[in-house]
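One structure is given here, and the rest of the page talks about it.
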Amino acid sequence: MAIVKLQRPKLNFGEKIYFGALIKGFFLTMSHAIKTLRGKSVGAESLASSGLGITMQFPEQRWDEHMPEYYRGAPALVTDEQGRERCVSCQLCEFICPPKAIKITPSEIPSDDPWAKVEKRPLEFDIDMIRCIYCGMCEEVCPEQAIYLRKDYLITGLKRADMVHDKKKLYEIGGTRVGLVNKWNELK
Amino acid sequence: MPEIIFQIAIIVTKIVILTFMVVLPLVPLSVYFERRFSAIIQDRVGPNRVGIPLTLLGFKKDFHFFGLIQPIADGLKLFLKEDFTPNHVRKAFYWMAPALTVVPALITVCVVPFGSPISIFGHSEKLVIADLDIGPLFIFSVASLSVYGITLAGWSSNSKFPFIGGVRSTAQMISYEIALGLSIIPVLMYYGDLNLSTIVQQQADHGWLLLPLWKNGHLGLPDLNTALFWFPAAIAFLIFTISIFAETNRMPFDLPECETELVGGYHTEYSSMKFAMFFMGEYAAMVIGSALIITLFLGGWSIGFGLDAWVSDLHIGDIYFGGLIHMGCFLTKLLAFILFFILVRWTVPRFRYDQLMKLGWVVFFEAALINVFLAALIVAAPQLKSVIITSGAVLLLIVTAAVIWVAKVSEDTTKVLRA
Amino acid sequence: MPSYLFWILSALMLMGGGAVIAFRNPVSSALSVVACFVGLAGLFIGLSAFFVGVIQILVYTGAVMVLFVFIIMLLDLKDEEKAAKPLLPIAAGVVLFVVFTVQLIGVLSRSPNKIAPDLSAKTLVLAANSFPPTSKIATTLSQGKLPDVHLIGHTLFTQNNLQLQILGVLLLVATIGVVVLSKRQAD
Chain S
1 MAIVKLQRPK
11 LNFGEKIYFG
21 ALIKGFFLTM
31 SHAIKTLRGK
41 SVGAESLASS
51 GLGITMQFPE
61 QRWDEHMPEY
71 YRGAPALVTD
81 EQGRERCVSC
91 QLCEFICPPK
101 AIKITPSEIP
111 SDDPWAKVEK
121 RPLEFDIDMI
131 RCIYCGMCEE
141 VCPEQAIYLR
151 KDYLITGLKR
161 ADMVHDKKKL
171 YEIGGTRVGL
181 VNKWNELK
Chain P
189 MPEIIFQIAI
199 IVTKIVILTF
209 MVVLPLVPLS
219 VYFERRFSAI
229 IQDRVGPNRV
239 GIPLTLLGFK
249 KDFHFFGLIQ
259 PIADGLKLFL
269 KEDFTPNHVR
279 KAFYWMAPAL
289 TVVPALITVC
299 VVPFGSPISI
309 FGHSEKLVIA
319 DLDIGPLFIF
329 SVASLSVYGI
339 TLAGWSSNSK
349 FPFIGGVRST
359 AQMISYEIAL
369 GLSIIPVLMY
379 YGDLNLSTIV
389 QQQADHGWLL
399 LPLWKNGHLG
409 LPDLNTALFW
419 FPAAIAFLIF
429 TISIFAETNR
439 MPFDLPECET
449 ELVGGYHTEY
459 SSMKFAMFFM
469 GEYAAMVIGS
479 ALIITLFLGG
489 WSIGFGLDAW
499 VSDLHIGDIY
509 FGGLIHMGCF
519 LTKLLAFILF
529 FILVRWTVPR
539 FRYDQLMKLG
549 WVVFFEAALI
559 NVFLAALIVA
569 APQLKSVIIT
579 SGAVLLLIVT
589 AAVIWVAKVS
599 EDTTKVLRA
Chain L
608 MPSYLFWILS
618 ALMLMGGGAV
628 IAFRNPVSSA
638 LSVVACFVGL
648 AGLFIGLSAF
658 FVGVIQILVY
668 TGAVMVLFVF
678 IIMLLDLKDE
688 EKAAKPLLPI
698 AAGVVLFVVF
708 TVQLIGVLSR
718 SPNKIAPDLS
728 AKTLVLAANS
738 FPPTSKIATT
748 LSQGKLPDVH
758 LIGHTLFTQN
768 NLQLQILGVL
778 LLVATIGVVV
788 LSKRQAD
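Chains as they are written, first to last, in my numbering: chain S, 1 to 188; chain P, 189 to 607; chain L, 608 to 794.
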């Protein structure tokens, strides 16, 4: 292959003396500063800025209504329209979870229960939110469509124990989800 | 005896008010401005939260003051941090270094004139701590001591990055002190005086050095000689300002502490309040540097446009308070210049070290020297015959051309030379 | 200058000078020299020689000693700190000290005991007469102030002009020599 020698651009005197570029730089930074103060920074509108730069001032302004459909927040368990726990404690999510944040203790459903034919449900279902990386693999792997990543993002706690979401908390976040899996319904 | 006690009381009051209540608060204030200004340059908000937390007391809203309390919170944080002394340092020098950077910067405050004299009940008092006849030289000499702090910090830390930072800073400060000293010689020649108060008074009367648009209280164009002197003055201003940037280790010349190469530079091994003292010294040097630039080139406390005599004359009864208005003007200019310092820091990228040295030794040193000749020619021109002026001008042109030629030749052949 | 200031500054200088040879660590010694120079500058300022005092700090403390510290820092100091005290250099030092003292006493005993004129406003106003009446020096003197910078400049550029120019050429030659020596051609 032929060698192509690239000529470095030759600087003329004005460029060498560096001053014009300096002044240009001042204008650039000052224009950014003024735009920021006027709340007219590039992208300020689409990012719902507070009117100072492109920053959204957090506790007063929330990201909530601007959240995209595909946002992956806290994972949570859901019940179906009849109030049945969808999770059958197959533990696929526990095994797939990359940071090992999920811990399931399965239990059998007693025979006198209306959902006895499902056979199993979790006795305990803990997700350690300190470990969770919000990858969404649990949601993807779940054969029963029982675990979903919701849009909750403010997961805080004062101690480590607070950050472990137990079953009750997970159903509280998850709520009910209609449709999709009907194989356990009485209709079938 | 009461006379002496009265004098001492006045001096102590001046030191307390001017150093500890005007200049020292300017340091955290400029840190705050640095953070806010850099934030808005980068389309951010900056620290705007710290205020009086009224919500803790059950009120609906906090009181923010635009985050002006932030510096106090920063200082408190630094005070409460662990003051860690690594095992491998040379203890005595390690402890001495932070003090050696702060103290010179604060001593230099004493010759800066903050305002025109205030007069109360017939007793006139200048708004300057020590009205020395060698003002700028005093500032240079004391400010040059602050290099010891940085050098010792680098050496005593006994580890690599601080040491390189210390070495860099020493070389840089010595190089730029020459340009700094040479660049103001035209200014001193023009005023014929080294007393900063007198220099400012002259500027108030005859127009600022860079804005000579009034004379004896009347607006008007300057005469030919003053107008011609504007050019050496502008060159001196340029060299002096840039050298001050290098001298205070500010961006674009902050090689001694550039984070990308040297972690924290000379203060890598320092923590807590000792680190804060380096920080304070740096910002105090910046404040004093701006004060010196304003005093020498931009009229100091003078409001300008022929208004100064009128302001100095303002009085209620026997209290002439014009000096305070002048002080306000001075502080406004100072803040504006500090903002300029910050704007430069967030605009201009860092120089490479050899570029920095070249700028100091090859460009500024020669430019300042030629500028001295030029200024001398212009200042002396009215007393000289036209033949001498012409031959002087020709000589100046030849010298300039020779210097530029030498600089160009040495630039072209650097590859052949051994370092 | 109040005499107690003289004693304090002299003590500072002597302590600095003593510490230079007492310390084993070269950086400590260099800093003692700095302390000594600061004391000297204080003495100059006490004698109303503000310019000389400030230049003393600017040149010697701010530049020359910084370079010394700079060089010392680049050396490996481990051996220096441990070195034993050989007798010969100490003896030579004592001899030098004695010779210098004898010389100093000799010079001082022969020189006439001239007391410097008091720098009161009166003498200054009187001194103004020996300069052209409109000059800066004369006007400052007649205000009762000592224009030390102007006086030094006046002396240098009138009485000692030739020596000053020769000195300037000497420094220029030295500078060019250093550049030539340090920038020798590679081949």
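Cβ atoms here follow ideal geometry from the backbone N, Cα and C, with glycine treated the same way.
Predicted model only: the values in this text are computed from it and were never measured.
Counted within 10 angstroms of its Cβ, other Cβ atoms place residue i as buried (16 or more) or exposed
i, result
"L605 (chain P)", "The predicted position of L605 (chain P) is uncertain, since its pLDDT is 45 and thus under 50; a value taken from the coordinates is nonetheless stated next. Under this definition L605 (chain P) is an exposed residue."
"R224 (chain P)", "buried"
"I308 (chain P)", "exposed"
"H66 (chain S)", "exposed"
"H503 (chain P)", "exposed"
"L695 (chain L)", "exposed"
"I678 (chain L)", "exposed"
"N383 (chain P)", "buried"
"G437 (chain P)", "Here residue 437 (chain P) is Asn; the residue named in the question, Gly, does not match the sequence. N437 (chain P) comes out buried."
"H757 (chain L)", "buried"
"R29 (chain S)", "The displayed chain sequence assigns Thr, not Arg, to residue 29 (chain S). With 16 or more other Cβ atoms within 10 Å, it is buried."
"Q360 (chain P)", "buried"
"L214 (chain P)", "buried"
"F27 (chain S)", "exposed"
"M209 (chain P)", "exposed"
"L325 (chain P)", "buried"
Contact set for residue i: own chain, Cβ-Cβ below 6 Å, skip 5 residues either direction
i, result
"G487 (chain P)", "Q391, W396"
"A636 (chain P)", "Residue 636 (chain P) lies beyond the residue range present for chain P, which begins at 189 and ends at 607; the question has no answer from this structure."
"G234 (chain P)", "R223, R224, A227"
"C517 (chain P)", "W489, I491"
"S639 (chain L)", "G623, A626, V627"
"Q258 (chain P)", "Y220, P235, V238"
"L621 (chain L)", "none"
"S41 (chain S)", "K35, G53, I54"
"P410 (chain P)", "P400"
"Y667 (chain L)", "F644"
Nonlocal neighbours in the same chain, by C-beta distance under 7 Å from residue i, ignoring five residues either side
i, result
"K521 (chain P)", "I482, L486"
"D794 (chain L)", "Here D794 (chain L) scores only 44 on pLDDT, less than 50, and its place in the model is too uncertain to base an answer on."
"F425 (chain P)", "L398, F485"
"A607 (chain P)", "Because A607 (chain P) carries a pLDDT of 43, less than 50, the predicted location of this residue cannot be relied on, and no value is offered for it."
Residues sharing a beta bridge with residue i, DSSP
i, result
"K120 (chain S)", "S:E108"
"W489 (chain P)", "According to DSSP, W489 (chain P) bridges with nothing at all."
"K103 (chain S)", "S:D126"
"I308 (chain P)", "P:H311, P:I507"
"T176 (chain S)", "S:T79"
"E85 (chain S)", "S:T79"
"L407 (chain P)", "P:W402"
"L149 (chain S)", "S:P75"
"W396 (chain P)", "P:L399"
"V164 (chain S)", "S:D128"
"F251 (chain P)", "P:I240"
Residues near residue i by beta carbon distance below 8 Å, same chain, minus five either side
i, result
"T207 (chain P)", "L294, V297, C298, I317"
"D501 (chain P)", "Y508, G510"
"M465 (chain P)", "P286, A287, T289, V290"
Beta-carbon proximity check, residue i vs residue j, cutoff 8 Å
i, j, result
"G548 (chain P)", "Y454 (chain P)", "no"
"F539 (chain P)", "F441 (chain P)", "yes"
"G73 (chain S)", "Y153 (chain S)", "yes"
"A735 (chain L)", "A745 (chain L)", "yes"
"L340 (chain P)", "M284 (chain P)", "yes"
"R90 (chain S)", "L77 (chain S)", "Note on identity: in this sequence residue 90 (chain S) is Cys, with Arg being the wrong assignment. For C90 (chain S) and L77 (chain S), no; Cβs fall outside 8 Å."
"V290 (chain P)", "G469 (chain P)", "yes"
"P305 (chain P)", "L320 (chain P)", "no"
"P739 (chain L)", "T747 (chain L)", "no"
*Listed in chain order, which residues of the stretch 461 to 479 of chain P have Cβ atoms closer than 7 Å to some Cβ of chain S?*
none
*In the stretch 26 to 39 of chain S, which residues sit with their C-beta less than 8 Å from some C-beta in chain P, listed in chain order?*
Correct list: F26, L28, T29, M30, H32, A33, K35, T36, L37.
*Using a Cβ cut-off of 8 Å, which residues of the stretch 482 to 507 of chain P contact any Cβ in chain L, in chain order?*
Within the stretch 482 to 507 of chain P, no residue has its Cβ closer than 8 Å to any Cβ of chain L.
*Compile a chain-ordered list of the residues in the stretch 527 to 549 of chain P whose CB is closer than 7 Å to at least one CB of chain S.*
L531, W534, T535, V536
_So if I threshold CB-CB distances at 7 Å, which residues from the stretch 423 to 451 of chain P count as touching chain L?_
none
_Short-range partners of chain P found in the stretch 671 to 684 of chain L, where Cβ spacing is below 8 Å_ = Those would be V673, L674, V676, F677, M680, L681, in chain order.
*Note down, in chain order, all residues in the stretch 6 to 23 of chain S with a beta-carbon under 7 Å from any beta-carbon belonging to chain P.*
Those residues of the stretch 6 to 23 of chain S that come within reach of chain P (Cβ to Cβ, closer than 7 Å) are L22.
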